[in-house]
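If you want the working numbering, it's the position in the sequence shown, counting the first as 1, plus 72. Notes for the one structure printed next.
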Amino acid sequence: MENGKAVKGPPRKKADEFSNPFLTQEVKIHSSPAQAVFENGYEKCDSALHSLSVVLPAVLKSDNEIMTINGAVDHLINNAFVNLRNESARLKKIAEDNGIDIGRINYTNVTTYQAKITCNKSGQYLQMIRELDRLMELVHSTWLAGFIADDAKGALERQWRRKTLGVSAEISAILARAFSAAQKLKHYAQAESDQSATDSPADEAVGTPKKSRARRKLKHLIVRKRAPLDGRGCRSGGTINERKWIGDCYFIVLPSKSAPSHTQKSTQNQYFCV
């Protein structure tokens with residue numbers, strides 16, 4: 073208290089308003105391919121997953137679209153786990169069928185990392201790196217036993233390192249596309265609001281025909297099932313306003329400023345894969 077007035081501290085920065093939780097895990101990685109994935113992919117993946125989990129819901133404010141994006145990420149992670157485990161099972165079976173005893177092997181440069189986990193799916197990607205490390209141990213065991221050749225060993229190392237890094241890259245791409253689509257949504261909503269504000273009462277009085285705002289409205293197409301595309305870029309029997317799947321990806325489809333009629337081709341639509 074100074075001269076009867078309360079002394080205020082420095083204004084709090086907006087960035088300081090949130091105290092986000094995180095935990096740190098110690099992870100020991102043996103093989104060089106798994107170490108490369110952690111060093112080049114983990115932090116980027118953790119940051120992207122945190123943004124998808126915490127930031128994007130505040131931007132999109134649509135439960136259906138958030139569920140769609142989370143479903144795409146879950147599908148990507150689950151498929152990667154399945155592929156890694158199937159390859160491990162394949163190598164184990166081949167080794168057993170040929171009487172190769174796969175034991176624990178040693179590495180010259182085992183590295184311990186401190187992994188910062190800022191959301192639940194980050195822990196899943198960290199577990200994926202561990203699975204990759206175990207797969208590489210199987211590859212190296214069969215190589216040391218003389219079962220696979222040098223070129224096959226190198227090819228397997230490159231293949232699975234790229235696949236696991238690819239998961240991190242694809243999650244980052246999903247984040248970028250989702251935020252891009254969110255910006256488009258905001259742009260179209262603002263344009264709709266501006267058009268409503270400029271409607272003239274005189275036009276109402278004389279009955280001047282106005283362009284239908286429904287035609288200019290932003291429409292979402294979220295793809296659900298596989299089916300042949302028709303000339304409109306929709307599924308057979310579908311319409312532009314339906315929610316469906318295209319290929320294996322989730323899409324948000326934004327029509328051009330002047331929405332095409334059902335007889336026009338879908339090249340006027342902008343597709344945003346999430």
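Cβ atoms here follow ideal geometry from the backbone N, Cα and C, with glycine treated the same way.
In three-state terms, what does DSSP make of residue i?
{"i": "residue 185", "result": "strand"}
{"i": "residue 133", "result": "coil"}
{"i": "residue 214", "result": "helix"}
{"i": "residue 140", "result": "helix"}
{"i": "residue 91", "result": "coil"}
{"i": "residue 96", "result": "strand"}
{"i": "residue 101", "result": "strand"}
{"i": "residue 220", "result": "coil"}
{"i": "residue 190", "result": "coil"}
Residues in the same chain with beta-carbon distance under 8 angstroms from residue i, minus the five sequence neighbours each way, listed in chain order, please.
{"i": "residue 91", "result": "none"}
{"i": "residue 212", "result": "103, 177 and 225"}
{"i": "residue 164", "result": "174 and 210"}
{"i": "residue 179", "result": "102 and 103"}
{"i": "residue 231", "result": "none"}
{"i": "residue 222", "result": "215"}
Check whether the Cβ atoms of residue i and residue j sit closer than 8 angstroms, and answer yes or no.
{"i": "residue 156", "j": "residue 239", "result": "no"}
{"i": "residue 101", "j": "residue 205", "result": "yes"}
{"i": "residue 254", "j": "residue 131", "result": "yes"}
{"i": "residue 190", "j": "residue 118", "result": "yes"}
{"i": "residue 217", "j": "residue 172", "result": "yes"}
{"i": "residue 160", "j": "residue 207", "result": "yes"}
{"i": "residue 193", "j": "residue 126", "result": "no"}
{"i": "residue 375", "j": "residue 128", "result": "No answer is possible for residue 375: the residues shown for the chain start at 73 and end at 346."}
{"i": "residue 152", "j": "residue 235", "result": "yes"}
{"i": "residue 187", "j": "residue 97", "result": "yes"}
Within the same chain, show all residues whose beta-carbon is closer than 6 angstroms to that of residue i, passing over the 5 residues directly before and after it, in chain order.
{"i": "residue 237", "result": "109 and 113"}
{"i": "residue 196", "result": "149"}
{"i": "residue 183", "result": "101 and 107"}
CB-CB under 7 angstroms to residue i, same chain, minus the five flanking residues each way: which ones, in chain order?
{"i": "residue 233", "result": "105, 108 and 109"}
{"i": "residue 433", "result": "The requested residue 433 is not part of the displayed model; the chain covers only 73 to 346."}
{"i": "residue 220", "result": "214"}
{"i": "residue 123", "result": "247"}
Establish whether the CB of residue i and some CB of chain B are separated by less than 8 angstroms.
{"i": "residue 99", "result": "Reference to chain B is not applicable here, since this structure consists of a single protein chain."}
Notebook entry, point to check: Are the segment 214-230 and the segment 128-139 in contact at 8 angstroms, needing three or more beta carbon pairs?
Noted result: no
Margin query: Is it the case that the segment 188-207 contacts the segment 113-131, given that we only count it when at least three CB pairs across the two stretches are under 8 angstroms?
Written below: yes
Checklist line | Contained alpha helix (DSSP H) runs [length at least 4] in the segment 155-185, N- to C-terminal order | finding: The alpha helix (DSSP H) runs lying completely inside the segment 155-185 and spanning 4 residues or more number zero.
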